[in-house]
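What the sequence shown shows, in the working numbering, is residues 1118 to 1331, in sequence order. Just so it is clear, CB atoms sit at the ideal spot from N, CA and C, and this is done for glycine as well. As the structure is a computational prediction, the values presented were derived from the model and not from experiment. First up is the structure itself, then whatever we jot down about it.
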Amino acid sequence: MTPDEQDTTVVALGRSLARALRRIDAVDANVVQLANDVAGLRGGHVTPSAESDGPPPVRSWLLAVDAEQAVKDLGNLVDWVRRVYVRYARAHLSSCWLWHPEVIEELWWLRWAHADAYDPEQGSWLKAGDWHDRQRPGVERRVNGLLGKCSLSRHADRNGRPADVTEPGYPPLAEHHAAVAAHWVATRTAGPEPTDAVLVEAEQAEYTEHQGRA
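Next comes the structure, spelled out in structure tokens:
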């Protein structure tokens, strides 16, 4: 090979190498952009914006403290109950169902379990099957038991007769929780041994509970 031919070959190789390096640079840039895009998608999934239409954070209706949020939540639940829950023949809701916080609590978690089961990204046929086979029938059974013989008139005083449905009382003997906690930590046994005064208090609480059920 003559010197001129060698020079030509070297120049050609140099040009080919330059083109290859440019392609590598382009690939590197694309990889970096793809990594940034993936990171952005992950960030958006983990920390959705305030305008996200995803499910709300898990919260209990019985522990609600924000009035505005409670109104939104209950409106959301009413719409779901209308579109989904009452479509099932044995799903009974009495006229006073909204006056039963424990019923709202049951339906509230069932509503979002339904949303989770049918979520376009996280849902699955297994979740849907569990909702239909176990979760919905369980809530339906408990709600029907609570509302089966109730009506709104039982929540109001009528003709001098007090309401049949009243708020639950304070848990019996709850003021003794500190003594029970201290005894448990110290001995790992149930206790402490009740005094005569505590036994009398317990009898009064049991009598009151029995009268309320009579």
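Here R1228 is near W1197, since their CB atoms are less than 7 Å apart.
R1278 carries a strand assignment under DSSP once its states are collapsed to helix, strand and coil. A direct Cα-to-Cα measurement between V1315 and D1281 gives close to 29 Å.
Y1205 is classed as exposed because its beta carbon has fewer than 16 other beta carbons within 10 Å across all chains shown. Secondary structure at P1285: coil, using DSSP grouped into helix, strand and coil.
In the DSSP annotation of this structure, the continuous segment of the alpha helix (DSSP H) that includes D1233 starts and ends at 1218–1234. Only residues of its own chain outside the window of five on either side were considered, and among them W1214, V1260, L1263, L1264 have a CB closer than 7 Å to the CB of V1220, listed in chain order. R1305 sits in coil when the DSSP states are folded into three classes, being neither helix nor strand.
The beta carbon of G1286 sits closer than 7 Å to none of the beta carbons in its chain outside the five residues before and after it. P1279 has its alpha-carbon roughly 26 Å from the corresponding atom of H1209. In this structure the segment 1235–1255 does not lie against the segment 1180–1193, because fewer than three pairs of beta carbons, one per stretch, are closer than 8 Å. Per DSSP, reduced to three states, the secondary structure at L1179 is helical.
W1242 and H1231 do not touch by the CB rule: their CB atoms are close to 14 Å apart, not below 8 Å.
Pairing V1188 with V1195, the inter-Cα distance amounts to about 11 Å. For H1300, the CB contacts under 6 Å within the same chain, skipping 5 residues up- and downstream, are G1308, P1309 in chain order.
Per DSSP, the unbroken alpha helix (DSSP H) holding K1244 starts and ends at 1242–1247.
Using a Cβ distance threshold of 7 Å, E1223 and V1201 do not count as a contacting pair.
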